[in-house]
Every structure is written in structure tokens, then in C-alpha cells.
Amino acid sequence: MRPSKVFLVGAGPGDPELITLKAKRVLEEAQVVIYDRLVGDGVLNLVNPDAELIFVGKESSFHSSPQEEINELISSRAKEGRIVVRLKGGDPFIFGRGGEEATHLFSEGVPFEVIPGITAASGISAYAGIPLTDRRYSPAVTFITGHRMKGEGIEGLNWQALAQLNHTIVFYMGVANLSEITKNLITNGRDMNTPAAVVSRGTMPEQTTILGTLADISEKSKENKITPPALLIIGEVVNLSVILNWSEAYGIGGTSD
Ligand SMILES: C[S@@+](CC[C@H](N)C(=O)[O-])C[C@H]1O[C@@H](n2cnc3c(N)ncnc32)[C@H](O)[C@@H]1O
């Protein structure tokens, strides 16, 4: 039997209406959907009700398994001739292991398609009123992970280079290492008064934005009991959140509000 196609699909950052029309269509046509922890119920409600739904995020039997087992699951279902959707939070190619899964499919001769999603940095900064670039304050943006592939630490990052970036930096997966991240940036030369924000559960009704500086954002996040998923955004653009954070000011609604 010829393998059917695997769709590596980005579900967006949380608000289910941020999914693409293309992703919605393949979810409706899917026969198997293999999904992660950061995919919310709103998106799962779009899935073909007859599809086999397989959870491979944290708390699943797959979490402690190596990525290879998930790769194998995806390709074996496709080789059964079933239309497979591998559904991931945000965008599959940004801190989503989509590249590893696509490489596996290529090596197994399984056809695949990648459907991009709105990545957390983009969706959440929009909802929190923080333009990641802005001609007045920042000509560029860097996305970085606050947790490396092997082990939970952040050792191995070039802090000197990061501290010299005079533009916006967004840390994904940084909550557990917040104080280490901010300390490293300050000791390597970034101004301790640089504005910083932590946004948790962005684009969802529970979105919470904590504003501060490199010097105090870690403490403020602790005081406010911020838990993952959350993003750390650093740079002058963060100040704009005070006036542009429309979602926490007016709510995440629609045209009827
Ligand atoms: C494993 S990475 C996956 C990123 C995803 N592929 C993307 O493009 O957004 C997970 C991290 O994304 C960030 N994240 C994802 N969804 C988020 C949300 N709704 N609010 C805040 N941060 C979020 C957090 O930093 C979280 O630890």
C-alpha cells in the first residue's frame, strides 16, 4: 500500500480562531490526528469526529519516549494508508520539532506537507500590544529557546552576543529559567532597566501580561505565580504594551463586542 500524506500542521498559539483555513480543512479530512499538549480544545473540536486522536504531549505515555517513537508512530499510521495530521502548537518549524519529523518522513519515503501556524511570539505579542519590531524602537527581533535540547539548563548560549543585541529578544520556554536568563543578560552588559514582559497563556481569555525590567521581571513573575506556557519579551517595544494591550483592555471577542 502506498503511504498517504502526512500534514505537519501549526495550530496557532491558543485562540482557536487563529488557525489557518488550510489547517481547518485538513483537520476535517484527517483520519488520524497526533497532537501535542499546547493544542487547545477549540482546535480539537475542528477534527473529523471519526478520526483517531492520539495525544503525545506531556502526561501521555509518549512523553517519556524518545522523539523517534513519535516519528515512528506518524510514519506507521501513514503507511497504513490513512491521512495523518501531526498537529502542533504555534508553528511546526519554530521550536516544534517539525524539522525532525519531516526529516524522518523524507527518509521513510512518506509524502508530507507543512501547514504553517502563527507562532507564539507573533500571536502573543500582537495580543499583548507589543510590536516585536517598530521603526522607533527596534529594527529586528531574535527568537530563542530558554531551554536546550539536552537537559533543562540554558548553559551553552552565547550570553555575550545576546546581551549585545540592541533589539527585541523573545525567549520561548524560559519561565523555569527566568532569573538565570535575566541575570546572564545583565552581567554580560545589557542594561538592567531594559523593559521586559512575561506573557502567560497568550491569546486565550486567561492571558496575563506582567511588565517590568530585566532587573525585576523574574521576581514579579514569581509574585504573580506565572506558570508555563509563557513567553519572555525583552526590549524597548515592551513599553508599548501599556497603551496597546487591547486584548486585556477590551477582551478577546469579535465584531459583536
Ligand atoms: C515547545 S515550544 C513550541 C512553540 C510553538 N511551536 C510555536 O511556534 O509557538 C513551547 C513554548 O512556546 C511558548 N508558548 C506557546 N503557546 C503559548 C501561549 N499561549 N502563551 C505563552 N507562551 C506560549 C511558551 O514559551 C512555551 O514554553
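So the sequence shown is numbered by this note's numbering: it starts at 1330 and just counts up by one.
Virtual Cβ for every residue (Gly too), placed ideally from N, Cα, C.
Residue i Cβ short of 7 Å to ligand 1 heavy atom set
i, result
"residue 1533", "yes"
"residue 1528", "yes"
"residue 1449", "yes"
"residue 1510", "no"
"residue 1343", "yes"
"residue 1417", "yes"
"residue 1557", "yes"
"residue 1501", "yes"
"residue 1423", "yes"
"residue 1420", "yes"
"residue 1367", "yes"
"residue 1560", "yes"
"residue 1453", "yes"
Minimum Cβ-Cβ distance from residue i to chain C less than 8 Å
i, result
"residue 1516", "Among the protein chains of the structure shown there is no chain C, as only one such chain exists."
Cutoff 8 Å; reference residue i; Cβ partners in own chain excluding five residues on either side
i, result
"residue 1575", "1456, 1458"
"residue 1586", "Any answer about residue 1586 is weak, because its pLDDT of 48 lies below 50 and its placement is not dependable; what the coordinates show is given next. The answer, listed in chain order, is 1579, 1580."
"residue 1471", "1491, 1494, 1496, 1497, 1498, 1499"
"residue 1429", "1396, 1400"
Where residue i falls, given that 16 or more other Cβ within 10 Å makes a residue buried
i, result
"residue 1501", "buried"
"residue 1557", "exposed"
"residue 1351", "exposed"
"residue 1525", "buried"
"residue 1572", "exposed"
"residue 1438", "exposed"
"residue 1417", "buried"
"residue 1336", "buried"
"residue 1478", "Interpretation of residue 1478 is limited by its pLDDT of 45, a score under 50 that renders its predicted location unreliable; the figure taken from the coordinates is listed afterwards. Exposed: under 16 other Cβ atoms inside 10 Å."
Spatial neighbours of residue i in its chain, beta-carbon cut-off 6 Å, leaving aside the 5 residues before and after
i, result
"residue 1463", "1566"
"residue 1474", "1424, 1501, 1502"
"residue 1561", "1500, 1503, 1527"
"residue 1376", "1356, 1362"
"residue 1454", "1461"
"residue 1303", "Lying outside 1330 to 1586, the shown extent of the chain, residue 1303 is not represented and no answer is given."
For residue j and residue i, believed in contact at Cβ under 8 Å, the rounded distance
i, j, result
"residue 1555", "residue 1529", "5 Å"
"residue 1406", "residue 1414", "With 8 Å as the limit, residue 1406 and residue 1414 do not qualify as a contact, their Cβ atoms being about 10 Å apart."
Cβ shell of residue i (< 7 Å), same chain only, five flanking positions each side left out
i, result
"residue 1640", "Because the chain in this structure spans residues 1330 to 1586, residue 1640 falls outside the shown range and cannot be described."
Problem - Validate contact between the segment 1366-1382 and the segment 1426-1445 using beta carbons, cut 8 Å, 3 pairs - result: Fewer than three Cβ pairs drawn from the segment 1366-1382 and the segment 1426-1445 lie within less than 8 Å of each other, which leaves the two stretches out of contact.
Practice task
Would you be able to state if there are at least three C-beta pairs under 8 Å between the segment 1531-1540 and the segment 1503-1513?
Solution key: As far as the Cβ criterion goes, the segment 1503-1513 does not touch the segment 1531-1540, which means the pair count is below three.
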